[in-house]
Each structure stands twice: as structure tokens, then as C-alpha cells.
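K.L.:
Have a look at this one.
2 protein chains.
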Amino acid sequence: MNDLRPIRAKSGTNQEGTSAHNRRVMIDALRLNGQLSRADLARATALTKQTVSNIIEELERDGLVQSLAVVRSGRGQPSTPYRLVAEGAFAIGLQIDRHVTRTIAVDLVGTVLARGEANLPVGGPATGVKTLLDLIEKTRRDLASIAPQSEDRLVGLGAAMPGPFGIEGEDDDPWMMAAWQNFPLLETLAAGTGLDVGLQNDSAAAATAERLVGAAHGVDHAICIYLGYGLGAGLILNGELYRGANGNAGEIGMILSLPRGASEQERTPLEHRASIASLCKLLELDPADPDLYARIDAAVTGEDVRLPGWLDAAVYELRAAVQALETIFDPQTVILCGGLPPGLARLITDAMQPLLPSLADRRDRSLPRLQIGFTDPWAVAIGAAAEPISRTFDPRFSAILKIRTADLS
Amino acid sequence: MNDLRPIRAKSGTNQEGTSAHNRRVMIDALRLNGQLSRADLARATALTKQTVSNIIEELERDGLVQSLAVVRSGRGQPSTPYRLVAEGAFAIGLQIDRHVTRTIAVDLVGTVLARGEANLPVGGPATGVKTLLDLIEKTRRDLASIAPQSEDRLVGLGAAMPGPFGIEGEDDDPWMMAAWQNFPLLETLAAGTGLDVGLQNDSAAAATAERLVGAAHGVDHAICIYLGYGLGAGLILNGELYRGANGNAGEIGMILSLPRGASEQERTPLEHRASIASLCKLLELDPADPDLYARIDAAVTGEDVRLPGWLDAAVYELRAAVQALETIFDPQTVILCGGLPPGLARLITDAMQPLLPSLADRRDRSLPRLQIGFTDPWAVAIGAAAEPISRTFDPRFSAILKIRTADLS
DNA sequence: CAATTAAGTCAATTGTCTTGACTTATTTCT
DNA sequence: AGAAATAAGTCAAGACAATTGACTTAATTG
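Protein chains in written order, with this note's numbering: chain D, 83 to 491; chain Y, 83 to 491.
Following this line, the structure appears as C-alpha cells:
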């Protein structure tokens, strides 16, 4: 019956799902709290002491967790705290940018152990794939020389590149990103490396980095505005990155809006005014310039006369964007991050004050409405590397189910 | 240890969580597909035939599911399809509006079985609570007279009212909603009715209704724009309603924007231009008028000369809102619903065409970018009633956990 | 030094899904 | 018409993971 239209249903679960979830919950709790005893874990997770003991024992056997010195802290038997073992797992991240590709190797706690960088030849995937695979291979070897056990404990490869994906774009993209966006990157990388591969857009990757080791660490509802070559937002909702129906959620740079002061003009994408791309255009900088960030920084510190005009327009958009995102998502905090010099980030957030009024103006706030996150060209690559760690170890609904709803693309 | 700061951790789960999830998955599958055999369910949920048989047997014993006539459809033993039993569960919904309160009783499949309405006395909760409890009581009796088994099978009470909640608002609200918003409504209703109570804002309730029995039925990623007295959005993400950190997600009417044609004015809330409130103001209608909707409808059909001005301003905002929401969420569809006459809804969506370009313009769409949902003053009350059904029977992450992260408020 | 408190273990139990063989009922092929 | 194939569904035993309650260990308190 019902052989015409497919049956729509969610996946069921079983004891394996239960067990997998509980393992993830333990790891998450240790990541968030640094160190906890078995009794602490039992209380925090609502599992029994015995269950926690069994899982911790297993995690210790697997080399993901280790015990620390016994702690005497009051009556009763002293407790043995446990913490994550950094060398328990490793992941590689790959950032594909317009002119350059970067790799990062991280461990279970998010420490960066190796980096790699290479220029991306013009010509898109046809010529670029080899560059990527070579760079990944090199980083893998670098990692193995630092941490010999890493090859056995590599949980995956995370890729990050500018979105949006799956849009039959106009080919007016001057930097061949459209070719990459419609290229079967996941399959190619999986075949070329033998690793499980995930794919995120830049802003999602930045948010993943903030969540693992940055300002969104332990925050369940956060919006990361990523100001890079383009403009995007990484949406952390209920403790998970939200991807949307097609993996394109958060592409806020493509929101159409009117420039400041205009009234009856055509709407244009937000990122025409608020992005490094627009700044480059104004400052007549070549986005392919390897010293781009230094040059932007020079313009900031040297108080380039063209900067205030850009800043005014960008801040105008960003103030509205923060207010709108707060109103739409009711997050605990908004984080501004991106591949821009810290000085510029500070300049922007200062100029954004006072923030527009919103329902985020609550007396019971524990986090600031707007924070600065990673301001580093490597942030996306770090987020790319954090993705496999998150995918493998963070508690999520889909990790419980027998049929996993597609992981990050 | 760690007795200073509380330990942050997610809840673990156990076999009960597994079982509860699988039961929910069965019910969800039957709701979405109408009727399915045990073998169908096993395939769709990835559970074994045996497991499905056990659960179905239990659900049948509980009166939630019933078998239908055997179906011969090819080789092999004929299958016995099952479907939900409408009388398997009931819920009451309560809408608190500015001048009126409404109740709805629904069954497991969302059929409306009883309605109630009462004027809400001025004076806020102090005088209003009795009105609510009396109306709920009356609806409960009406329901019991139609479905005698309903009292034993009442799964909860859903309340809906305009948000936002928990904001120390200026008391300039002319209709006492602020008093309700800061009143301990949940506790009062729970104590007064003995039922499990949930609370949503208007737009969340409308989205819940669309999801159970409306245009968002079976859609995992949908944005419901609710055009009522105010303007809000119900966010259906990953098949669940998203609430934000404080239950105020989706209050898009409070986004600050510039009126059409303005350029250097102060930003004002969107809903000053796109809401029934703004239409009432323009048409000089009393929002408390019980015939409000008829009068608005008259203005639409009678082509009131003041209407085009409002329409132009509202459509200007809504076109931008749809484009922005699509860009932010990457949903499968956007649904316009609200307590407005269908004719007006049609007028608005027609005037919104063509929609602004966005990344929702994909060739592989299966749903229209913009649809009309419920246009009915009762939509919010229906959504309120749908909430306990959804809370009790829909598969969700939190239903698996030992410690439930707070249900709808 | 006894009482209290708390961490953690042990062994048996329970609940839930899985496994593999089996039964039943229908269509298709020879 | 009869055999083979196919599919739905059941039966009974098994596996897995969390729970239970009693117990051990080791500290502080009085």
C-alpha cells in the first residue's frame, strides 16, 4: 500500500540511540564544566550513578576521558574528577575561499595543532581539487608528526566555503565560487581522503567555532553575525546549528534593503554595504591581495578618509540587523565575528552603540546583547575543523535516531 | 565539588525515552500519512516489524489507533492498515485577546468539537481570570456532552495571547495586555483547571494550528506570518516550533524599520504599518467592535478609498519581510495567516506579487514560496488547542530526555 | 570514637528493541 | 491447478542499557 507517494515519517530509535546520546551528554558536560566527578555527572544528567560509571569507564577505555587527582571537598568519600583528553579525537578543517584555501587540525578540545594554506588556482574545481587534497594530505602528515595517534582518531573532515549552495546562480561571480558551489565537493573530498566529510557555509563555520571554543561556548541560543568577504549569520538554536531546508539558512547578506538615506531606490543586498567586499571596493583594495587584512588594518589605524563613509553605511545596516535578529530569534546574545582586523571589529561595535531598542533589553540578561567573537581570517577554517568534532560528540536529536537526517550537508 | 556555579549539562535518556519517542513517531507517521500498515510503519521508521507490532498493539489498547479493513494490494499476505482514532485524545485551547476570550475543544486529529466566547472585562487578570475559568469549564462540559470519554482523555490546556512575555513594558498599552503578560497565567490556569497548561503567543499558536491541520501539515521548515491585531511569525524549524531563549522568538512586528518613502526618519515598529491595528486606525474602526471583521471585509469589498494607502504600506513591509525571512531561515514555504478576512488576505498576497527575488527561487521547490493559511479569528484559539496535542504526541528532542527542558513556557 | 554524609561499586532486575525462524495469505508463473 | 515467490505479521529467545537497592569506602562533624 501507499506505494505511490513515499511514506513520510520520522525515524525511530533504540537502545543504541539512548547509549549514544548519553555518551554525548557526558562529553558535552565535561566540555562545558571542565571537570566533573561521576556523581556530578549523575546529578547533572539525571542518570544514575551506576549508568554514569559505566559510560565513564567506557569513555576512559576509549581514551576520551581521564581521571584527575582525587578531590576532598567536605564530608563523604572524596570524588574523582574526570576531564576530556585533548588527544582523544582529532579533526581536519578545510576552508575554501576565493583565492586561497586553508586547513586546520584540531583536537577534541578545539586546540589548533596544525595549519596549512595554499593559493587556489583560477579555474575552479577542475584544477583546484588537487590543491585541496594535497593541502589536506600535508596537514594530516603535520598532525601525525605532532600527535602520532591522530590518524586512528581522526573523526572527520569539515569543509567550509561561501554559500549559498544549490542555487542556479548567474555566472557573474568573478571568483569562480559558483563553480565550487555547484560542484559535488562532499563526494570528491570523501573519496579523496577516506574521511567523513561535512560542509558548511562560512558563517555557519564561524558559528561552529564560536560554539566549540569561542563566545558561544555553552550558549544554547546565539546568533553569530559573520562579517567576511560577504555577510552571513550562523544560527545556534536550541544548542544546534540551524541549517534550514537546503542548508542556506543565515545568508543575511542577501537580504534586500535600501541604502541609508535612500527612499525610493531599488533594494539591494545588505552585503553591498556591510561586508569586506564593499570595503575593498571603496578602498580600492584587491580582495586577492594576501596582505589584505594588513592593508585594511592600516586604513583603520591610519584613519583613511574614505573609512567613515563605509562605516556609517555598514553600521546603519548592522544596527538594524542586530535589532531584527534579536526580535526574530530572541537569542541570549549576538556575536559579531569575521575575517576582519580586530581594530575594525571594535570600531564597528563601538559605532553600533547604542544598540536599537529591542525585546533583548531585559533586566535578567546574563550575556551582553552584542559581543565580539573571532576576528581572524582563520576563524572559518577553525569552524570547519570544529564541525566534525561537534558532529561526532555533541548531543543532538538526529544522533539518537536510527536513520540520521542528513548531517551537515 | 563545583558547588559554586551550577553544573551545566544536557539531560540523559533511558529506555522510557526511547519508547516514548517511538510511540510518538508512530502517531506522527499515521497523522501524516492517514493510514499505514505495521509493515509500512516498520519501513518508514526503521524499526523492526516486531517493535512496531508491540507499539501498535499498545496504542490500540490505549484507544489511540484502530485497524481498518484488510487491504489486498499485490503479492503476499494482505496488510491491515491502522489510523488514528479521533476520539483518542482531546485538548482545550484558550485564546486571550484584548477584548474577548475564546475557547476551542479539539480531538486527536484536530477536529474542532466545541467553541466558546466571552467578553473580557476591563481590569486585566484581577477580574478576567474568573471569566476564563468559567469559559473553560463551559467548553469542557460542552465537549463532554459530545464526547463522554473526553474528560478521561483530556491531555491538556493550551493558552495563547499576544506577546511578548516577560518584558517590563511601558504601561502605555491601552488594552491591559501588559497586565496579562506579566501575570502568572500558567500557574493560575493549572490550579484552576487541574490540567497541564502550555502558553504560546498568538503567532506561535497560529503556526501550531497550521502544523496540525493547516498548510504546514508535515512541513519541517515553515514560517507562518501572523497578521492579526499585531504582526508576528511562528517559526517551524526542524519540525518543531522554535521559541527562542525566552519564548519571544518571532515577534517580527517589533522589528524597527523605516516607512516606505521615508529616508531619514526614526525607525518605527513594522506592525505600525502592517497589522490590523494600523488598518483599524486608518479606517477609524474600534478594535473592540465585535463586528470588526465584517466591517473590514466591507471596506475591502466596498473598496474603501483609504484602503489602497494602507495596503501599499503593508505590502511594502510584507514583501520585504518575506524576502528577509526566506533569506534568514531557508524554509520550504512561507504561510500568511491571521485573523483577517480571507478577501483581505487574498488582496495582500496578490499585491505582494511578484515576490522579491531570494534564494527561495529554486527550481526544485515543491511548495509555493507564499501560501495563505488560516484567515479566521478562531485560528489562534485552534492553535492554542493544538498545542497540548502537539506537546503530547509529536516527536521532539525534549520528549526523549529524562529532564524535560521546559515545555511551551 | 561514633554518627553522618557522600562517592562509588556490585549484582540482580527491568524494560525495550532485535533476531531468526515460523505462519498465513495472496499473486504470479508454469 | 499446483508450485513458487512474495509480503505481512507472530512467536519466543536473546541482547542491550539503564535501574534498583544493598553495600563499601573514606572523608567530616561533634
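We treat Cβ as the ideally placed atom computed from N, Cα and C, and that holds for glycine.
This structure is a prediction, so every number in the text was calculated from the model and none was measured.
Quick check: what's the CA-CA separation for Ile-464/D versus Thr-209/Y?
P.N.:
Here residue 464/D refers to the residue found at position 382 when the first sequence is read from its first residue. Here residue 209/Y refers to the residue found at position 127 when the second sequence is read from its first residue. Cα to Cα, Ile-464/D sits roughly 57 angstroms from Thr-209/Y.
K.L.:
Considering just the uninterrupted stretch of the alpha helix (DSSP H) at Arg-120/Y, what are its terminal residues?
P.N.:
On the second sequence, residue 120/Y is found 38 positions in, with the first residue counted as 1. That run of the alpha helix (DSSP H) goes 120–127.
K.L.:
Would you list the residues sitting across from Phe-172/Y in a DSSP beta bridge?
P.N.:
Against the second sequence, residue 172/Y aligns to sequence position 90. Asp-189/Y and Leu-236/Y, per the DSSP bridge assignment.
K.L.:
Using the three-state DSSP reduction, which class does Gln-282/D fall into: helix, strand or coil?
P.N.:
Taking the first residue of the first sequence as position 1, residue 282/D is located at position 200. Correct three-state label for Gln-282/D: strand.
K.L.:
Just mark Ile-228/Y as buried or exposed, buried being the case when its beta carbon has 16 or more other beta carbons within 10 Å.
P.N.:
Within the second sequence, residue 228/Y is the residue found at index 146, counting from 1. Under this definition Ile-228/Y is an exposed residue.
K.L.:
Could you tell me the alpha carbon to alpha carbon distance between Leu-146/D and Ala-121/D, rounded to whole angstroms?
P.N.:
Against the first sequence, residue 146/D aligns to sequence position 64. Against the first sequence, residue 121/D aligns to sequence position 39. The straight-line gap separating the alpha-carbon atoms of Leu-146/D and Ala-121/D is approximately 18 angstroms.
K.L.:
Does DSSP put Phe-411/Y in a helix, a strand or coil?
P.N.:
To locate residue 411/Y, count along the second sequence from 1; it is residue 329. Reduced to three states, the DSSP call for Phe-411/Y is helix.
K.L.:
State whether the stretch 402–417 of chain Y contacts the stretch 448–467 of chain Y, with contact taken as three or more CB pairs (one from each stretch) at a distance under 8 angstroms.
P.N.:
The stretch 402–417 of chain Y and the stretch 448–467 of chain Y touch, with no fewer than 3 CB-CB distances between them shorter than 8 angstroms.
K.L.:
Apply the 10 Å Cβ neighbour rule to Arg-184/D and answer buried if 16 or more other Cβ atoms are within range, or exposed otherwise.
P.N.:
Against the first sequence, residue 184/D aligns to sequence position 102. When all chains shown are included, Arg-184/D counts as buried.
K.L.:
Between which two residues does the beta strand (DSSP E) carrying Tyr-308/D extend?
P.N.:
Residue numbering aside, residue 308/D sits at position 226 when the first sequence is read from its first letter. First-last of the beta strand (DSSP E) with Tyr-308/D: 304–309.
K.L.:
So what does Arg-197/Y bridge to, in DSSP terms?
P.N.:
Translated into positions along the second sequence, residue 197/Y becomes position 115. DSSP output for Arg-197/Y lists Ile-186/Y as bridge partner(s).
K.L.:
Quick one: any contact between the stretch 354–366 of chain Y and the stretch 304–311 of chain Y, if contact means 3 or more CB pairs under 8 angstroms?
P.N.:
yes
K.L.:
Between which two residues does the alpha helix (DSSP H) carrying Arg-377/D extend?
P.N.:
Numbered from 1 along the first sequence, position 295 holds the residue referred to as residue 377/D. Looking at the DSSP string, the run of the alpha helix (DSSP H) that includes Arg-377/D is 374–383.
K.L.:
Got a sec: which bits of the stretch 311–333 of chain D sit with their beta carbon under 9 angstroms from any beta carbon on chain Y, in order along the chain?
P.N.:
Ala-315, Leu-317, Leu-319, Asn-320, Gly-321, Glu-322, Tyr-324, Arg-325, Gly-326, Ala-327, Asn-328, Gly-329, Asn-330, Ala-331, Gly-332 and Glu-333
K.L.:
Beta-carbon within less than 8 angstroms of Phe-479/D's beta-carbon, same chain only, minus the 5 sequence neighbours each way: which residues are those?
P.N.:
Position 397 of the first sequence, counting from 1, holds the residue named residue 479/D. Answer for Phe-479/D: Glu-322, listed in chain order.
K.L.:
Which class does Met-83/D belong to by DSSP, given the choice of helix, strand or coil?
P.N.:
Numbered from 1 along the first sequence, position 1 holds the residue referred to as residue 83/D. Bear in mind that a pLDDT of 41 at Met-83/D, under 50, signals an unreliable position, so the number given afterwards is only what the model happens to contain. In this structure, Met-83/D counts as coil in the three-state DSSP scheme.
K.L.:
I'd like to know if His-303/D contacts chain Y, where contact means its C-beta is closer than 8 angstroms to some C-beta of that chain.
P.N.:
Locating residue 303/D in the first sequence gives position 221, where the first residue counts as 1. So yes, His-303/D belongs to the interface.
K.L.:
Compare the beta carbon distance of Ala-128/Y and Ile-485/D with 8 angstroms and say whether it is the shorter of the two.
P.N.:
By 1-based counting over the second sequence, the position of residue 128/Y is 46. By 1-based counting over the first sequence, the position of residue 485/D is 403. For Ala-128/Y and Ile-485/D, yes; Cβs fall inside 8 angstroms.
K.L.:
Among Asp-443/D, Pro-439/D and Arg-401/D, whose alpha-carbon lies nearest the alpha-carbon of Asp-432/D?
P.N.:
One-based indexing of the first sequence puts residue 432/D at position 350. Comparing Cα-Cα distances from Asp-432/D to each of Asp-443/D, Pro-439/D and Arg-401/D, the minimum goes to Arg-401/D.
K.L.:
Given that Glu-250/Y touches chain D, what residues does it touch there, using C-beta distances under 7 angstroms?
P.N.:
On the second sequence, residue 250/Y is found 168 positions in, with the first residue counted as 1. Chain D residues near Glu-250/Y: Arg-445.
K.L.:
Considering just the uninterrupted stretch of the beta strand (DSSP E) at Thr-457/D, what are its terminal residues?
P.N.:
Working through the first sequence from its first residue, we reach residue 457/D at position 375. Element bounds for Thr-457/D: 452–457.
K.L.:
Tell me which residue opens and which closes the beta strand (DSSP E) that Ala-315/Y is part of.
P.N.:
Against the second sequence, residue 315/Y aligns to sequence position 233. Taken as a continuous stretch (DSSP letters only), the beta strand (DSSP E) holding Ala-315/Y covers 313–319.
K.L.:
I'd like to know whether the C-beta of Pro-477/Y is nearer than 8 angstroms to at least one C-beta of chain D.
P.N.:
Here residue 477/Y refers to the residue found at position 395 when the second sequence is read from its first residue. Yes, Pro-477/Y counts as interfacial toward chain D.
K.L.:
Spatial neighbours of Ile-109/D within its chain, please: CB distance less than 6 angstroms, with the 5 preceding and 5 following residues excluded, ordered by chain position.
P.N.:
What you label residue 109/D is simply residue 27 of the first sequence in a count that begins at 1. Taken in chain order, the residues that qualify are Phe-475.
K.L.:
Can you list, in chain order, the residues of its chain with a C-beta nearer than 6 angstroms to that of Ile-378/D? Leave out the 5 residues immediately preceding and following it.
P.N.:
Translated into the one-based positions of the first sequence, residue 378/D becomes position 296. Pro-423, listed in sequence order.
K.L.:
Should Ala-200/D and Leu-217/D be called a contact, given that it needs their Cβ atoms to be closer than 8 angstroms?
P.N.:
Residue 200/D sits at position 118 when you count from the first residue of the first sequence. Residue 217/D sits at position 135 when you count from the first residue of the first sequence. Result yes, Cβ atoms of Ala-200/D and Leu-217/D sit closer than 8 angstroms.
K.L.:
Do you know how far the Cα of Thr-213/Y is from the Cα of Asn-283/Y?
P.N.:
Here the question's residue 283/Y lines up with position 201 in the second sequence. Here the question's residue 213/Y lines up with position 131 in the second sequence. Taking the straight line from one Cα to the other gives about 20 angstroms.
K.L.:
From this set, His-299/Y, Ala-406/Y, Leu-294/Y and Arg-90/Y, which residue's C-alpha is nearest Asp-189/Y's C-alpha?
P.N.:
Against the second sequence, residue 189/Y aligns to sequence position 107. It is Leu-294/Y whose Cα lies nearest to the Cα of Asp-189/Y.
K.L.:
Using a beta-carbon distance cut-off of less than 7 angstroms, what residues from the stretch 96–124 of chain Y approach chain D?
P.N.:
Asn-96, Gln-97, Gly-99, Thr-100, His-103, Asn-104, Val-107, Asp-110, Ala-111, Leu-114, Asn-115, Leu-118, Ser-119 and Asp-122
K.L.:
Quick one: what's got a C-beta closer than 7 angstroms to Ala-261/Y's C-beta in the same chain, skipping five residues either side?
P.N.:
Walking along the second sequence from the start, residue 261/Y turns up at place 179. Gly-206 and Pro-207.
K.L.:
Beta carbon of Leu-150/D, beta carbon of Arg-165/D: below 8 angstroms?
P.N.:
Within the first sequence, numbered from 1, the residue matching residue 150/D stands at position 68. Within the first sequence, numbered from 1, the residue matching residue 165/D stands at position 83. In contact: Leu-150/D and Arg-165/D (Cβ atoms closer than 8 angstroms).
K.L.:
Does DSSP put Leu-449/Y in a helix, a strand or coil?
P.N.:
Locating residue 449/Y in the second sequence gives position 367, where the first residue counts as 1. Residue state, collapsed to three classes: coil.
K.L.:
For chain D, is any of its Cβ atoms less than 8 angstroms away from the one on Leu-452/Y?
P.N.:
Start at 1 with the first residue of the second sequence, and residue 452/Y comes out as number 370. Leu-452/Y does not count as touching chain D.
K.L.:
Taking 8 angstroms as the cut-off, decide whether the C-beta atoms of Asn-330/D and Pro-230/D are in contact.
P.N.:
Residue mapping note: residue 330/D aligns to position 248 of the first sequence, counting from 1. Residue mapping note: residue 230/D aligns to position 148 of the first sequence, counting from 1. Result no, Cβ atoms of Asn-330/D and Pro-230/D do not sit closer than 8 angstroms.
K.L.:
Can Gly-332/D and Ala-403/D be called in contact, C-beta distance under 8 angstroms?
P.N.:
Numbered from its first residue, the first sequence carries residue 332/D at position 250. Numbered from its first residue, the first sequence carries residue 403/D at position 321. No; because the gap between Cβ atoms is not below 8 angstroms, this pair is not in contact.
K.L.:
Looking only at its chain, what residues have a beta carbon closer than 7 angstroms to the beta carbon of Thr-193/Y, apart from the 5 residues adjacent to it on each side?
P.N.:
What you label residue 193/Y is simply residue 111 of the second sequence in a count that begins at 1. Ala-168.
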